[in-house]
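Inspection log for the structure reproduced underneath, given as structure tokens.
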Amino acid sequence: MCNNELFLEKCGAVNHYLEDCMNIFIFDAIADTGISSQSNPYSIIIMLVIFAAIFYFLIFRPQQKRNRVHKELMNAISKDDEIATVGGLIGRVTKVTETGYVFVSLNEINEVIVKRDCITAILPKGTIQAL
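Note that my numbering has the sequence shown beginning at 473, numbered continuously upward.
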């Protein structure tokens, strides 16, 4: 017998042994334990309702609250308010338009137009002078 034939014979024996071991595990997994495998059909529905409630109270509701607070902030913006924008600009409001834009004076020379949605905070009076 050459080495290749001997090797193939040993591999065949090992494969047969592994197949037998796997069959033992599979039969153990399929074996009847005496407990009924049927469960309450409403348990899945109850679980989905619980997950939906958790999802609602942990994600949707806090986001709605943040949106409401931000909307109130945007409606409260008026002339001479000191604001901070999403981009990090800090300035004083010089004009508020009805179309949703705000004119912001960064200093005596520079003035930019910012969309009202991009304003993140109304700062306390005197913040710009303190910087």
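We put the CB at the ideal spot given by N, CA and C, even for glycine.
The alpha-carbon separation between residue 566 and residue 539 amounts to approximately 25 Å. In the DSSP assignment, residue 555 forms a beta bridge with 563, 594.
In the DSSP assignment, residue 523 falls within the unbroken alpha helix (DSSP H) covering 514 to 527. Boundaries around residue 544 are those of the alpha helix (DSSP H), 533 to 547, since no beta strand (DSSP E) includes it.
Boundaries of the alpha helix (DSSP H) harbouring residue 600: 599 to 602, taken from the DSSP string.
The count of Cβ pairs closer than 8 Å, one atom from the stretch 593 to 602 and one from the stretch 543 to 563, reaches three, so the stretches are in contact.
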